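For the sequence shown, the numbering used here begins at 68 and goes up steadily by one. Glycine included, every Cβ here is placed at the ideal spot set by N, Cα and C. Computed from a predicted structure; not experimentally measured.
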Amino acid sequence: MKLSVPAKGKAGFTSMPITQIGVRFTNQVSSVALQNRSNLMNGSGVALGDVNGDGLCDVYFCRLEGANELYLNQGGFRFALASNDRGVSVIDFFSRGASFVDIDGDEDLDLLLTTFRNGTRCLVNDGNGYFKDITNQSGLKSNRSGTSLALGDVDGDNDLDLYVSNYGEIALLRDGGDFDVQKLGDRSFLKGSHASRLKIVNEKLVELGEADDFYQNNGQGLFRRVPWEENKFLDHNGNRIVEPMDFGLTVQIRDINSDGLADIYVCNDFQTPDRLWLNNGIGTFREAGPISIRSVSYASRGVDFSDIDNNGEIDFFVTGNLARNSMTRLLKISPNSFSSSNLKENDIVNRLQVERNTMFWNRGDKTFSEVGRFAGVEATDWSWQPVFIDIDLDGYEDLFITNGQLHDINDRDAIANYSRLSKVKKKQAGVLVFPAFQTSNFAYRNLGNFRFSESTQEWGINSLQTSHGIAVGDLDNDGDMDLVINCLNQPALIYRNNVIAPRIAVRLKGLAPNTAGIGARITVAVGNVLQTQEVTAGGRYLSGDQEVRTFAIGGNQVNRSIKVTWPNGQFSFINNPEPNCLYEVIEPVSISSNENKFEDIEESPFFEDASGLLNYTHSENLYDDTLLQPLLTRCLDRSGPGLGWFDYDGDGDEDLFIGASSGASVSIYQNFGEGKFGKLTSESGFKVPGDVVSVCGWVNRAGSRQWLAAISNYESPQLSAQMRSYRKSIGISVSGKLLGDTMPGPIAVADIDADGDLDVFVGGRTVTGHYPQASVSALLVNNEDGLDFTSGVLSGSLGIVNGAVFSDLDMDGFPDLIITTEWGPIRVFKNQKGKFVEITDALGLSGLTGLWQGVATGDFDGNGKIDIVATNWGLNTSFKPNVINPPRLYYHFAESSIPTSLILGVWNDSASAYLPTRNLPYLFKGYSGLRGVFTSYRDFASAGVLKISDYHVASQKSVTAAILQSMVFLNNNERFEAKPLHPEAQLAPAFGVSVGDLDGDGLDDLFLAQNFSAFPTNKDRNDAGRGLWLRGAGNANFTPVRGEEAGIAIYGDQRGSALADYDEDGKLDLIVAQNNGLTKLFRNNKAKPGLRVRLTSSKQNPDAIGSAARLLFGSPPSFVRGTWREWQLGSGYGSQDGLVKVFPLPETPIAIEVKWPGGKVSVTSLPAGLKEVTIGQDGRIINQKTK
68 MKLSVPAKGK
78 AGFTSMPITQ
88 IGVRFTNQVS
98 SVALQNRSNL
108 MNGSGVALGD
118 VNGDGLCDVY
128 FCRLEGANEL
138 YLNQGGFRFA
148 LASNDRGVSV
158 IDFFSRGASF
168 VDIDGDEDLD
178 LLLTTFRNGT
188 RCLVNDGNGY
198 FKDITNQSGL
208 KSNRSGTSLA
218 LGDVDGDNDL
228 DLYVSNYGEI
238 ALLRDGGDFD
248 VQKLGDRSFL
258 KGSHASRLKI
268 VNEKLVELGE
278 ADDFYQNNGQ
288 GLFRRVPWEE
298 NKFLDHNGNR
308 IVEPMDFGLT
318 VQIRDINSDG
328 LADIYVCNDF
338 QTPDRLWLNN
348 GIGTFREAGP
358 ISIRSVSYAS
368 RGVDFSDIDN
378 NGEIDFFVTG
388 NLARNSMTRL
398 LKISPNSFSS
408 SNLKENDIVN
418 RLQVERNTMF
428 WNRGDKTFSE
438 VGRFAGVEAT
448 DWSWQPVFID
458 IDLDGYEDLF
468 ITNGQLHDIN
478 DRDAIANYSR
488 LSKVKKKQAG
498 VLVFPAFQTS
508 NFAYRNLGNF
518 RFSESTQEWG
528 INSLQTSHGI
538 AVGDLDNDGD
548 MDLVINCLNQ
558 PALIYRNNVI
568 APRIAVRLKG
578 LAPNTAGIGA
588 RITVAVGNVL
598 QTQEVTAGGR
608 YLSGDQEVRT
618 FAIGGNQVNR
628 SIKVTWPNGQ
638 FSFINNPEPN
648 CLYEVIEPVS
658 ISSNENKFED
668 IEESPFFEDA
678 SGLLNYTHSE
688 NLYDDTLLQP
698 LLTRCLDRSG
708 PGLGWFDYDG
718 DGDEDLFIGA
728 SSGASVSIYQ
738 NFGEGKFGKL
748 TSESGFKVPG
758 DVVSVCGWVN
768 RAGSRQWLAA
778 ISNYESPQLS
788 AQMRSYRKSI
798 GISVSGKLLG
808 DTMPGPIAVA
818 DIDADGDLDV
828 FVGGRTVTGH
838 YPQASVSALL
848 VNNEDGLDFT
858 SGVLSGSLGI
868 VNGAVFSDLD
878 MDGFPDLIIT
888 TEWGPIRVFK
898 NQKGKFVEIT
908 DALGLSGLTG
918 LWQGVATGDF
928 DGNGKIDIVA
938 TNWGLNTSFK
948 PNVINPPRLY
958 YHFAESSIPT
968 SLILGVWNDS
978 ASAYLPTRNL
988 PYLFKGYSGL
998 RGVFTSYRDF
1008 ASAGVLKISD
1018 YHVASQKSVT
1028 AAILQSMVFL
1038 NNNERFEAKP
1048 LHPEAQLAPA
1058 FGVSVGDLDG
1068 DGLDDLFLAQ
1078 NFSAFPTNKD
1088 RNDAGRGLWL
1098 RGAGNANFTP
1108 VRGEEAGIAI
1118 YGDQRGSALA
1128 DYDEDGKLDL
1138 IVAQNNGLTK
1148 LFRNNKAKPG
1158 LRVRLTSSKQ
1168 NPDAIGSAAR
1178 LLFGSPPSFV
1188 RGTWREWQLG
1198 SGYGSQDGLV
1208 KVFPLPETPI
1218 AIEVKWPGGK
1228 VSVTSLPAGL
1238 KEVTIGQDGR
1248 IINQKTK
């Protein structure tokens, strides 16, 4: 059917004058009702659908006090109030939610309603838009207080089952209820009719909600409530679950993990966590485990799903109530917050509730990355329902969010005033004592790559009315989606969509009793762009959409198609649909199949998990650094472990050293060849007195190969930090060197003075109790007596040094030093024949302050010059990039015996000042002088950090982090050009970084070790990564490799990473350390084998550290040169790559060019058929292996 698309218009909406179009509805609630039931502030919803079969979408509004109203569409955007004999007024209840859906398979829309204390109401349609209430016969009669509802065929019998989220009749702790706390001996217990909705935790009352209801449809529109005792819903381990007493607000039923089965997502308010119930396909649901979703929104309200990046996987977004303005955030606190977690319990087995909106990117392996802050949509004030809708019809679904609250019950000043009222006055005033909270609805344009930009004003949907339920439908039959919103104590909002871009609309006609094809997935292909939507029933907060879906079709594309995947796995296909048409797709009659039609044929991944060869788990000890510095931005004791590959026993195989936490033992694995390891055990000196934060190989003047391990004294500053060496003797000989005032971080080794032996740099990290102040670093020069401390620029305080690597950036034969600093820049020190001079500013790096972590080098653009890659905190954290007013950490140092006080400041445009990110009670822990200074939280919120600093005895200093992206820095001789890595690399903090050709295609790849979860408040988690392989695409471009293709999936806090071909098959293998987790070893099975190259030099530098080599292809003199590989000790993040380098072989090489320490260059011809070669310092082949 051809659609009537206007000739003129633009993307956006017009707010229709509702009285002129015939709608005169307001969801009014009285002050008296609010005084007794503050939960009524949560509003009511709206349902859309063609109830009388005239081809026009009608509108139904729920009302809390008084009759609900049905408005029949007259065409031309005009509506008429339906008469009372339609049977939908429902005047005897507080009506909350509504949805039109055909529950009995007779091809008309019935009506389901949720109410306070009267359960779910069922009204069946006679086909002409007249309804009969059959609640008593339907099986839905109850005294529950429902909110939203959703329907779907969860058991594969082609009828629509029902899930109702319940909330609880009244807010017991705010409005009062029938309960009493009594004591029996030392035990407190509860009595009264509301006692089941309360529990006592740590002598405090914690309020609970009400159990949800799940109903199975018998195929004729009659339902049976499924008791929780039937164990239809199991925990993630498959065990029975106690009936959850959650504050249910929204539920949606749809296929979330693309297995062809209807899953259930429930949004729950306050401390009761969201539930993702995954359909097992055998009549039961299993809750998604903590790995699949790492964090959920605290006090979540609404959810919607979309393939946000058009990659074929379904993503979703959940609303919370984080204030957009940083000043406003300082005024808020949840009145019903509850957490029992200890800061050290924030590990891989726990799911965290976070006080913000959350957006979940589907990684395709049944797990999701939380990317809301990267997307820029984490804070939208008091939000209810999100709606994904392609407003501008560009093929990417945009985001609209309803907002508002009559009274701000989270206002700290009002809560304080309320607490001072007598019990009688509290009862009299209720929520009316709290201030009004007015905020606009929000709209965001989808920019792709999970970035959104606010377009609220531009699109004309910036109403300040308190907006709750929203439904989407085509009210004027032009094929685009209009919006209807139920507002509290204000007229409803109806928005006409003005977009004129080409579109198609799709409506499904399914087989009875699922006549609307609920659960079917529609995919529209326009060129190479795939748009996917599912037909759902209900699922909005208190509301339900019309069962029509709209897609962008483009103006000039010739390759178009519509594909419908029906719930039974059958397909319908329309080729080359015409623009601006409505297509009704009829489900084919065929035998249903319960087989999964969605699974793809799995290809073998590149890497195989070989962690069982090591079976090593790092265990973090219990240490709380907030006892000294309570305002730390994160736990600083979680920086390890480091690890590394090094042939410590000289047998030609890459052995392995893994660091440990304080009080535990390091692990050394001897490589026996053929991919087998033996762990050295029961050796004295393996137990360490501090965290091993860095590992590196080294050779002394006598030629003894050994490991160096930097052992921090951060947790025990009364002890001295040390650098221990581990060398082969009778077993393992262990010795140590005290590091004086250096709080050690990374180790890097090179022959800095061209005397033939290997010198050592140890980067200094923060001083215990005085973050962000750094200890001194140390340069130790190798001489006849061993390693001696030296003076000079590298032995001073260089900032908090997290990464260090020696690299000959200017190819003059002397290794330069590159370090990454936290709250500082990447710093470069040029080696001038053994003396170092900083050239950071000259290279254009000094202004690029960040939270830099790991560092490595490589020739990423293939121009023959060494470039830099450095990891950073990313763009998906609480830190927001701002070059002009970057995140700023203020600190106040009085004296060494008094811990340094901290305030993290964020720039606020409205205040034109930096504001603290922590609330006033929290700041008291570090700034006791603030007590009694401010008379209200509003005074505090607007004061700014500089005014707060006046109340500390010490003067304030500050550091900034202007750049937060992980980046490559391209060597342009005199300066470096900064280039951010792929957006996926910015989704989590990154630490270890490894450079190598992981697939053997001739281009260098990167691996990033990601995630950080240890925060003092235990209210945050930055773990959207799982270890990221970035495949080189040439010209310093990198693209992410999907986890299932890579075979790499590490969900914990990764730290050091290192590459080595440990099994000598010409493919680079990978090892990654996890803090407080299993060390992961990945064997490369799929890369194209490369040429293994060893270099040998003098006794004191047997591995030719400081050399670089590249292969030559073609024929002289027109060589094609490969990229440089450097022989380094220490790189990445406290780690060490193997020293047998693997060179890719895009074709047969004819020679290898080596730049040796000191600058000498050799070119060695290579015979054909090599798989390994050893080159001596005179350029001759010492050893070779052929294929």
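In the DSSP assignment, E437 falls within the beta strand (DSSP E) that extends over F435 to E437. Ranked by Cα distance from L555, the first of D541, I537 and R570 is I537. Residue pairing by DSSP places M790 opposite A777 and K804 in a beta bridge. Rounded to the nearest angstrom, the Cβ distance from D1120 to N1078 is 5 Å, consistent with a contact under 8 Å. If you draw a straight line from the Cα of L239 to the Cα of L265, it comes to about 9 Å. In the assembly as shown, V801 is a buried residue. Its beta-carbon has 16 or more other beta-carbons within 10 Å. In this structure, L180 and S205 do not form a Cβ contact; the two beta carbons are roughly 12 Å apart against a cut-off of 8 Å.
One thing to note: N682 has its Cβ no nearer than 8 Å to the Cβ of L876. Within the same chain, and ignoring the five residues on either side of Q785 in sequence, no residue has its Cβ closer than 7 Å to its Cβ. Of all C-beta pairs linking the stretch 595 to 608 to the stretch 376 to 386, three or more are shorter than 8 Å, placing the two stretches in contact. Around the beta carbon of A572, a 10 Å sphere encloses 16 or more other beta carbons of the protein chains shown; the residue is thus reported as buried.
Put simply, the stretch 938 to 947 does not touch the stretch 987 to 1002. Fewer than three CB pairs are less than 8 Å apart.
Counting only the Cα atoms, L115 lies some 49 Å from R955. When S1016, E1112 and N508 are compared, the shortest CA-CA separation from Q472 is found for N508. With respect to D883, P1224 sits apart: the two C-beta atoms are not nearer than 8 Å.
Rounded to whole angstroms, the separation of the alpha carbons of L460 and R570 is 7 Å. Runs of beta strand (DSSP E) with 3 or more residues, each lying fully within the stretch 247 to 281, are found at 247 to 251, 254 to 258, 265 to 268 and 271 to 274, listed in chain order. Shortest Cα-Cα distance from T1163 to any of S1174, S215, G1157 and K1155 involves S1174. In the three-state DSSP reduction, I641 falls in the strand class (E or B).
Contact annotation: T434 and V363 have beta-carbon atoms that are not nearer than 8 Å. DSSP places A572 inside the beta strand (DSSP E), whose first and last residues are R570 to K576. Between N688 and S639, the beta carbon gap of about 60 Å keeps them out of contact (Cβ cut-off 8 Å). Only residues of its own chain outside the window of five on either side were considered, and among them A134 and N135 have a CB closer than 7 Å to the CB of S156, listed in chain order. Per DSSP, the beta bridge partners of E675 are R1150. Under the 8 Å Cβ criterion, the stretch 315 to 323 counts as touching the stretch 200 to 217, having at least three qualifying pairs. Residue range R955 to H959 is occupied by the beta strand (DSSP E) that includes Y958. Per the DSSP secondary-structure output, N738 pairs in a beta bridge with F744.
The C-beta separation of L775 from I814 comes to about 6 Å, placing the pair in contact by the 8 Å criterion. Cβ contact annotation for P1211 (same chain, cutoff 6 Å, sequence separation greater than five): D1064, G1067, G1069 and G1157, in chain order. Using a 10 angstroms sphere on the CB of D302, the tally of other CB atoms stays under 16, which defines it as exposed.
Taking 8 Å as the cut-off, the Cβ atoms of R368 and W451 count as close.
Under the DSSP definition of a beta bridge, H474 partners with A503.
Between I458 and D465, the gap from beta carbon to beta carbon is short of 8 Å. Rounded to whole angstroms, V762 and S977 show a C-alpha spacing of 48 Å.
The alpha carbon of S844 has as its nearest neighbour, out of G836, T835, T857 and N850, the alpha carbon of T857.
Between L649 and G577, the C-beta spacing is not below 8 Å.
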